[in-house]
Amino acid sequence: MSNVANIHGALPLSNETVKVVRELDRAITDAINKARQAGMPQGLVVGILHGYALGETARMVNAAD
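So for the sequence shown, my numbering puts the first residue at 16; every next one is plus one.
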């Protein structure tokens with residue numbers, strides 16, 4: 016997935032944060048590639064990732080209340 020650009024906010028990120036973001040990105044990319052190689056349907060991969068994204072968004076919104 017070398018054609019995917021990482022987008023960060025306007026504020027500078029610490030070196031530690033950049034490192035963790037890169038590690039997370041690599042772990043997600045590796046997991047997606049492994050799922051593809053195993054023949055997992057793309058829609059299922061997208062659905063799983065979307066579910067995690069929705070869960071994290073809900074936690075952020077509820078923490079702001």
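From the three backbone atoms N, C-alpha and C, an ideal C-beta is built for every residue, glycine too.
Got a sec, what are the start and stop residues for the alpha helix (DSSP H) residue i sits in?
| i | result |
| --- | --- |
| N18 | First-last for N18: undefined, no H or E at that position. |
| M75 | 57-79 |
| A50 | 30-52 |
Could you give the distance in angstroms between the alpha-carbon of residue i and the alpha-carbon of residue j?
| i | j | result |
| --- | --- | --- |
| P56 | D40 | 21 Å |
| A79 | K34 | 26 Å |
| I63 | D45 | 15 Å |
| G70 | L26 | 25 Å |
| V60 | A42 | 14 Å |
| E31 | A53 | 33 Å |
| A50 | A73 | 26 Å |
| G58 | H65 | 10 Å |
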